[in-house]
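Quick notes on the structure that follows.
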Amino acid sequence: MEVKQIPSKLYYCAEKYLIIPEIPGFAEEILDPLYKDAESLGLELNGATEFIYFNSDGNLYKPFQLIIAFPVKESKPSKSDFFFLESMPFSCVSLDYKGPMTNIGKAWGDLVRQALNQGYQLISQGREVYKKWVSYESEENITELQMEIVAKKII
Numbered sequence: 226m227e228v229k230q231i232p233s234k235l236y237y238c239a240e241k242y243l244i245i246p247e248i249p250g251f252a253e254e255i256l257d258p259l260y261k262d263a264e265s266l267g268l269e270l271n272g273a274t275e276f277i278y279f280n281s282d283g284n285l286y287k288p289f290q291l292i293i294a295f296p297v298k299e300s301k302p303s304k305s306d307f308f309f310l311e312s313m314p315f316s317c318v319s320l321d322y323k324g325p326m327t328n329i330g331k332a333w334g335d336l337v338r339q340a341l342n343q344g345y346q347l348i349s350q351g352r353e354v355y356k357k358w359v360s361y362e363s364e365e366n367i368t369e370l371q372m373e374i375v376a377k378k379i380i
C-alpha cells in the first residue's frame, strides 16, 4: 500500500446508480458506446479507463454512484447523454491488484484493512484504474485501487 496525491483530471463519462453485482453488466453495455462517442467527438484519450465509486462501502446490495471515466485532454460540445467531468485533486491510499475481477473484492478489503490499521480515515470515493486490461477473468489484469483519505490519526 502507498499514499498518493492524485491531481485534478478531465474525463468523458457515463454514470449510473447501481449495486455491485450490476457493475459488469453496466460496463459491458456502456464502454463501447462511450468509446465510440468519444471517438466521434475527436477526443484524445489521456490515460487508462477509470471506474469512480461514490458511497460504496462494499455491501453488495447497497446502491451507490458509479462513473465510468475516460481521461481526456480537452472537452468539446456534445449532445449525447455522456458528460465531461473535472475531478478535484485528492489524497488516497492505493495498491495494484493483479488478477480477475472475480477476486477484486478481496483486494479492496485488504486495502481498506491496511489503511485503517495504519490510522487513515477513509471517505466515500474509491477508484479503479485499469492499467492493463485483458478480460474479466484474466490473471494478467492490473488494476490500481485507490481509496480517498481525509487524514491520518496521530497517536
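In our numbering, the protein residues as written are 226 to 380.
We put the CB at the ideal spot given by N, CA and C, even for glycine.
Asked, Found
"First through last residue of the beta strand (DSSP E) which encompasses residue 272", "Counting along the chain, residue 272 falls outside any beta strand (DSSP E), and DSSP gives it neither H nor E."
"Boundaries of the beta strand (DSSP E) in which residue 356 is found, first to last residue", "345-357"
"Contact set for residue 376: own chain, Cβ-Cβ below 8 Å, skip 5 residues either direction", "345 and 346"
"Between the CA atoms of residue 335 and residue 298 - distance to the nearest angstrom", "33 Å"
"Buried versus exposed call for residue 236 [16 or more other C-beta atoms within 10 Å across all chains shown]", "buried"
"Beta-carbon spacing of residue 367, residue 356 below 8 Å", "yes"
"C-beta contact flag for residue 325 and residue 364 at 8 Å", "yes"
"The segment 250-269 / the segment 313-320 touching (three or more Cβ pairs under 8 Å)", "no"
"Simplified DSSP assignment, three categories, for residue 313", "coil"
"Where the beta strand (DSSP E) containing residue 242 begins and where it ends", "235-243"
"Cα-Cα separation between residue 249 and residue 343, rounded to whole angstroms", "32 Å"
"Close-in-space but distant-in-sequence residues of the same chain around residue 386 (CB under 7 Å, 5 per side omitted)", "It is not possible to answer for residue 386, since the shown part of the chain is limited to 226 through 380."
"For residue 304, three-class secondary structure by DSSP", "coil"
"Identified DSSP bridge partners for residue 373", "317"
"Own chain residues within Cβ distance below 7 Å of residue 358, not counting five before or after", "366"
"Among 267, 292, 313 and 330, nearest to residue 303 - alpha-carbon criterion", "267"
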